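Residue numbers for the sequence shown follow the numbering used here, so the first one is 7 and each next one is one higher. No residue lacks a Cβ here, since even glycine has one placed at the ideal position from N, Cα and C. It should be emphasised that the depicted structure is a prediction, and the values quoted were computed from it without experimental measurement.
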Amino acid sequence: MTATTEERLGSGQMFDQIAPRYDLLNRLISLGLDRRWRTRLVRSLAPTAPRRLLDVATGTADVLQALRRAYPEAEVYGLDPSGEMLRYGRGKLDARSFLVRGDGQQLPFADDSFDGCTISFGIRNVPDRPRCVRDMVRVTRPGGRVSILELSEPRGYGPLAMASRFHMHQVVPRLGAALSGAVEYKYLSRSIAAFPPADEFARLLEASGLEQVEVQPMNFGVAHLYCGVVRGDA
Numbered sequence: 007m008t009a010t011t012e013e014r015l016g017s018g019q020m021f022d023q024i025a026p027r028y029d030l031l032n033r034l035i036s037l038g039l040d041r042r043w044r045t046r047l048v049r050s051l052a053p054t055a056p057r058r059l060l061d062v063a064t065g066t067a068d069v070l071q072a073l074r075r076a077y078p079e080a081e082v083y084g085l086d087p088s089g090e091m092l093r094y095g096r097g098k099l100d101a102r103s104f105l106v107r108g109d110g111q112q113l114p115f116a117d118d119s120f121d122g123c124t125i126s127f128g129i130r131n132v133p134d135r136p137r138c139v140r141d142m143v144r145v146t147r148p149g150g151r152v153s154i155l156e157l158s159e160p161r162g163y164g165p166l167a168m169a170s171r172f173h174m175h176q177v178v179p180r181l182g183a184a185l186s187g188a189v190e191y192k193y194l195s196r197s198i199a200a201f202p203p204a205d206e207f208a209r210l211l212e213a214s215g216l217e218q219v220e221v222q223p224m225n226f227g228v229a230h231l232y233c234g235v236v237r238g239d240a
């Protein structure tokens, strides 16, 4: 029986296929902007003076590596369902960085385990997004921060919005297939188009236990950074 898209996402199978060239494809597809976006994600945790951090859907550990550089005294954990992605990420990390294979919808950590929690370009691929956000809130202490970086499709009919949609629906699938031989990039472009508008996703974050939610659009709405503080009663 052929696995469904949700089953392949949950098991990490989909991303096992594209792991060898995932970093290169991110650079090319985002025109190098993904590094700048990740820097802003990492800096958003600074108010918590973090000592212990978690990156969900860590992939090849780009964010985890950036967290270690930004917070050298912190202990950092990365979780991902794809064994191949984690294998490629291990070579980037030091002894105070830990990789765990697991599901973002059911994090294998105790309540209030971390000072901050991130997910980068991963929440749109989680079958049950509210459940994932609630679990990120659960494992983050009250007053800690949850920060989410995600791609989005600019709305409207201006030239920049139209060029962005053309890039995502026409260029990205072809480039991904040419460099990795994977049809998965067709799914990824569709998942970006299907992601909810920023204000709607912000309301989901508030309903999941976050307060002081901020939404920062980047590069004309090609990506958004969502930041919130865990409520004491969450």
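Query                                                                                                          : Result
Counted within 10 angstroms of its Cβ, other Cβ atoms place Pro87 as buried (16 or more) or exposed            : buried
Backbone CA spacing between Leu211 and Ser50 [nearest angstrom]                                                : 16 Å
Outcome for Ala200 when other beta-carbon atoms lying within 10 angstroms are tallied against a minimum of 16  : exposed
Per-residue DSSP class, three states only, for Asp22                                                           : helix
CA-to-CA distance, Ala55 to Ala76, given in whole angstroms                                                    : 11 Å
Cβ-based neighbour list, Leu107, same chain, cut-off 7 Å, excluding 5 preceding and 5 following                : Here residue 107 is Arg; the residue named in the question, Leu, does not match the sequence. Excluding positions up to five away in sequence, the list reads Asp86, Pro87, Gly89 and Leu92.
Under 8 Å between C-beta atoms of Asp121 and Leu59                                                             : yes
Ile155 classed as buried or exposed, judged by whether at least 16 other C-beta atoms fall within 10 angstroms : Note that residue 155 is Leu in the sequence shown here, rather than Ile. With 16 or more other Cβ atoms within 10 Å, it is buried.
Cα-Cα separation between Ser103 and Ala63, rounded to whole angstroms                                          : 15 Å
Bounding residues of the alpha helix (DSSP H) (the contiguous stretch that carries Phe207)                     : Ala204 to Ala213
Span separating the alpha-carbon of Leu34 from that of Leu99                                                   : 23 Å
In DSSP terms, what Met224 is bridged to                                                                       : Ala229
DSSP bridge partner residues for Arg107 (one or two, in chain order)                                           : Asp86
Rounded C-alpha distance that separates Pro130 from Cys138                                                     : The amino acid occupying residue 130 in the given sequence is Arg; Pro does not appear at that position. Using only the alpha carbons, I get a separation of about 11 Å.
Separation of Asp61 from Arg196, as counted between CA atoms                                                   : 24 Å
Endpoints, the alpha helix (DSSP H) within which Val143 is located                                             : Arg135 to Val145
For Met20, the nearest candidate out of Gly65, Arg57, Arg41 and Asp134 (CA to CA)                              : Gly65
For Ala52, the nearest candidate out of Ala67, Gly149, Val221 and Asp118 (CA to CA)                            : Gly149
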